[in-house]
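2 protein chains.
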Amino acid sequence: MTPVIARAAALTSLERLCVHTITTKPWSIEQAAEAYARAGVAGITVWREALADRDEVQMGELLRSHGLSIVSLCRGGFFTYRDEAGRRSALSDNRRALDQAAALGAPLVVLVCGALPGQSLAASRAQIRAGIEALLPHAEAHRVRLAIEPLHPMYADSRSAINTLAQANDLAEAIGSDWVGVAIDVYHVWWDPALQSEIERCGKSGKLFAFHVCDWKTPTKDLLLDRGLPGEGCIDIRQIRAWVEATGFRGPIEVEIFSEAYWAGDQAELLERVTQSYLSHV
Amino acid sequence: MTPVIARAAALTSLERLCVHTITTKPWSIEQAAEAYARAGVAGITVWREALADRDEVQMGELLRSHGLSIVSLCRGGFFTYRDEAGRRSALSDNRRALDQAAALGAPLVVLVCGALPGQSLAASRAQIRAGIEALLPHAEAHRVRLAIEPLHPMYADSRSAINTLAQANDLAEAIGSDWVGVAIDVYHVWWDPALQSEIERCGKSGKLFAFHVCDWKTPTKDLLLDRGLPGEGCIDIRQIRAWVEATGFRGPIEVEIFSEAYWAGDQAELLERVTQSYLSHV
Numbered sequence: 035m036t037p038v039i040a041r042a043a044a045l046t047s048l049e050r051l052c053v054h055t056i057t058t059k060p061w062s063i064e065q066a067a068e069a070y071a072r073a074g075v076a077g078i079t080v081w082r083e084a085l086a087d088r089d090e091v092q093m094g095e096l097l098r099s100h101g102l103s104i105v106s107l108c109r110g111g112f113f114t115y116r117d118e119a120g121r122r123s124a125l126s127d128n129r130r131a132l133d134q135a136a137a138l139g140a141p142l143v144v145l146v147c148g149a150l151p152g153q154s155l156a157a158s159r160a161q162i163r164a165g166i167e168a169l170l171p172h173a174e175a176h177r178v179r180l181a182i183e184p185l186h187p188m189y190a191d192s193r194s195a196i197n198t199l200a201q202a203n204d205l206a207e208a209i210g211s212d213w214v215g216v217a218i219d220v221y222h223v224w225w226d227p228a229l230q231s232e233i234e235r236c237g238k239s240g241k242l243f244a245f246h247v248c249d250w251k252t253p254t255k256d257l258l259l260d261r262g263l264p265g266e267g268c269i270d271i272r273q274i275r276a277w278v279e280a281t282g283f284r285g286p287i288e289v290e291i292f293s294e295a296y297w298a299g300d301q302a303e304l305l306e307r308v309t310q311s312y313l314s315h316v
Numbered sequence: 035m036t037p038v039i040a041r042a043a044a045l046t047s048l049e050r051l052c053v054h055t056i057t058t059k060p061w062s063i064e065q066a067a068e069a070y071a072r073a074g075v076a077g078i079t080v081w082r083e084a085l086a087d088r089d090e091v092q093m094g095e096l097l098r099s100h101g102l103s104i105v106s107l108c109r110g111g112f113f114t115y116r117d118e119a120g121r122r123s124a125l126s127d128n129r130r131a132l133d134q135a136a137a138l139g140a141p142l143v144v145l146v147c148g149a150l151p152g153q154s155l156a157a158s159r160a161q162i163r164a165g166i167e168a169l170l171p172h173a174e175a176h177r178v179r180l181a182i183e184p185l186h187p188m189y190a191d192s193r194s195a196i197n198t199l200a201q202a203n204d205l206a207e208a209i210g211s212d213w214v215g216v217a218i219d220v221y222h223v224w225w226d227p228a229l230q231s232e233i234e235r236c237g238k239s240g241k242l243f244a245f246h247v248c249d250w251k252t253p254t255k256d257l258l259l260d261r262g263l264p265g266e267g268c269i270d271i272r273q274i275r276a277w278v279e280a281t282g283f284r285g286p287i288e289v290e291i292f293s294e295a296y297w298a299g300d301q302a303e304l305l306e307r308v309t310q311s312y313l314s315h316v
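Listed in order, the protein sequences are those of chains U and C.
The first sequence begins at 35 in the working numbering and counts up one residue at a time.
The second sequence begins at 35 in the working numbering and counts up one residue at a time.
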């Protein structure tokens with residue numbers, strides 16, 4: 035029996051707020067760093083696109099010089115392949131992601147595990163497990179952890195064959211390494227009838243490595259790029275946060291929003307709405 | 035342990051093919067009946083929109099005069115509500131659906147169970163169960179069965195709080211009436227890691243009332259109206275059909291496609307593609 039856990043109270047400061055650079059995609063990482071710091075954001079998760087043509091060591095210094103905590107690097111994964119060249123390419127790209135994370139000073143790489151249309155989910159899941167296991171020595175050598183992020187079932191065709199928190203927990207436990215855990219994003223898992231019990235399980239096994247928030251809008255106009263700010267949709271984020279915190283989790287709360295509509299607008303205004311919605315709805 | 039079950043062999047006739055009127059939405063029910071019969075389609079599932087301003091008894095006679103088997107009526111459900119007036123309205127509409135099905139001669143009403151943005155999934159699920167239970171005497175009196183259709187998790191905000199086959203099985207078993215079972219649509223459940231075992235469970239409990247097919251396209255451009263014909267997407271329909279038939283199911287195989295693109299085209303050509311894709315990919 036899962037215990038009844040009351041919804042969490044409002045957060046009263048930004049000290050746990052982390053923002054993903056993809057949320058303010060039009061900004062360079064330099065602009066994001068300055069603006070996040072000025073807004074009182076505590077942490078930053080860096081998307082690899084934001085590092086293009088930049089030296090990761092210098093970028094890490096820059097972010098830290100703004101007082102930002104570097105929470106994670108997004109993203110590794112896409113372990114699925116059709117041939118040996120694809121397998122090698124995926125492994126190479128993931129090793130590169132770990133190199134980047136280590137240079138940047140990010141302790142965690144988030145994994146979007148991959149899926150291929152026309153390949154069975156079972157085959158993709160086997161490739162994913164083998165891919166993560168092949169990556170383990172490199173992760174351990176760099177002391178960078180890996181977080182399996184279960185993706186919403188609407189991405190099972192081409193982005194991830196890991197679609198429930200139960201699957202992510204199963205996979206992390208089967209791999210059985212201290213370097214492999216789970217990233218929980220409310221967008222992907224909010225609908226799951228087993229959510230509370232699987233969060234509890236994830237926490238008990240020491241695998242709850244990251245917690246991402248945003249909201250599910252009604253209607254959602256695009257499967258990928260129409261996420262909402264907290265409070266704009268139907269996800270009971272405070273209930274899910276209460277379940278997450280009942281496991282003892284007190285880590286960063288990461289706002290990760292992909293939105294063509296918000297990217298088209300003023301990013302300073304968007305960041306202001308991120309901090310306000312964080313206090314009002316997370 | 036779930037047994038390994040080989041993919042089904044191709045179907046060699048249309049004798050189990052049923053088409054949903056929504057698939058050829060631009061056609062009137064009269065046009066659909068004539069065209070389906072001419073194409074050798076065996077069965078028809080009637081959407082209530084197609085019955086607007088028509089006498090259901092006469093429509094039933096018309097369909098049968100074309101040699102069509104009336105498989106089900108779509109759809110009842112939407113049991114969720116915000117107030118007592120909403121509860122009464124939902125119940126009344128579902129009684130009306132049962133009346134229509136009985137008059138038409140349809141032995142089954144498919145249920146899209148409902149969800150309300152901002153209402154907890156747990157509350158919606160309780161309302162759904164109570165709604166179905168309140169409907170049971172009317173269903174039994176009419177000798178019309180009810181099929182709970184689990185909907186893809188991307189519809190958990192506003193269409194259904196029943197999002198996995200496990201949930202549908204749980205609900206049907208908890209209600210425990212011979213008049214309540216499950217409709218399995220590959221579009222909604224194909225991604226589910228528990229799919230095979232839950233199909234087996236559904237069959238064993240005698241609850242597998244209906245089987246719907248279509249395909250998941252990559253990319254999917256609209257959450258509701260961009261379904262594909264069998265073979266156009268990533269769903270391994272023959273594998274899922276093999277699991278369904280391993281339970282003993284030999285009922286109709288229903289093609290149900292919502293597609294703005296196909297509705298905009300020639301419906302006779304679409305129907306030809308439905309029958310061809312059925313033989314090639316279902």
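In this text, a Cβ means the ideal position worked out from N, Cα and C, and glycines have one as well.
- CA-to-CA, the gap between residue 148 of chain C and residue 158 of chain C works out to about 7 Å.
- Under the three-state reduction of DSSP, residue 316 of chain U is assigned to coil, being neither helix nor strand.
- The continuous beta strand (DSSP E) containing residue 111 of chain C extends over residues 103-111.
- The alpha carbon of residue 83 of chain C has as its nearest neighbour, out of C:63, C:155, C:39, the alpha carbon of C:63.
- For residue 192 of chain C, the nearest beta carbon of chain U is closer than 8 Å to its own beta carbon.
- The alpha-carbon separation between residue 283 of chain C and residue 181 of chain U amounts to approximately 41 Å.
- Between residue 100 of chain C and residue 135 of chain C, the beta carbon gap of about 19 Å keeps them out of contact (Cβ cut-off 8 Å).
- Every alpha helix (DSSP H) of 4 residues or more that sits fully in the segment 183-255 of chain C is shown, in chain order, as 199-209, 220-223, 229-238.
- Runs of the alpha helix (DSSP H) lying entirely within the segment 99-182 of chain C, each at least 4 residues long, are 118-138, 155-176 in chain order.
- In this structure residue 75 of chain C is not in contact with residue 107 of chain C, their Cβ atoms being roughly 17 Å apart against a cut-off of 8 Å.
- At a cut-off of 8 Å between beta carbons, residue 151 of chain U contacts chain C.
- Near chain C, meaning a CB-to-CB distance below 8 Å, the residues of the segment 165-194 of chain U are 186, 187, 188, 190, 191, 192.
- Taken in chain order, the complete beta strand (DSSP E) segments of 3 residues or longer contained in the segment 43-107 of chain C are 51-54, 77-81.
- Straight-line measurement puts the Cα of residue 77 of chain C at about 13 Å from the Cα of residue 96 of chain C.
- Exposed is the label assigned to residue 294 of chain U, since fewer than 16 other Cβ atoms lie within 10 Å of its Cβ.
- Restricting attention to C:231, C:61, C:122, the CA atom closest to the CA of residue 296 of chain C is found in C:61.
- Among the residues facing chain U, residue 249 of chain C is not included, as its CB has no counterpart in that chain under 8 Å away.
- The count of Cβ pairs closer than 8 Å, one atom from the segment 166-180 of chain U and one from the segment 106-126 of chain U, reaches three, so the stretches are in contact.
- Your pair residue 217 of chain U and residue 243 of chain U checks out as a contact, with CB atoms roughly 6 Å apart and the cut at 8 Å.
- Among the CB atoms of chain U, one or more fall inside 8 Å of the CB of residue 270 of chain C.
- Relative to the Cα of residue 205 of chain C, the nearest Cα in the group C:312, C:222, C:164 belongs to C:164.
- Interface annotation for the segment 222-243 of chain C against chain U: 225, 227, criterion Cβ-Cβ distance under 7 Å.
- Here the segment 256-264 of chain C makes no contact with the segment 37-51 of chain C; the two share fewer than three CB pairs at distances below 8 Å.
- In the three-state reduction of the DSSP assignment, residue 271 of chain U falls in the helix class, which pools H, G and I.
- For residue 288 of chain U, the enclosing beta strand (DSSP E) stretches over residues 287-289.
- For residue 295 of chain C, the uninterrupted alpha helix (DSSP H) segment begins and ends at 294-297.
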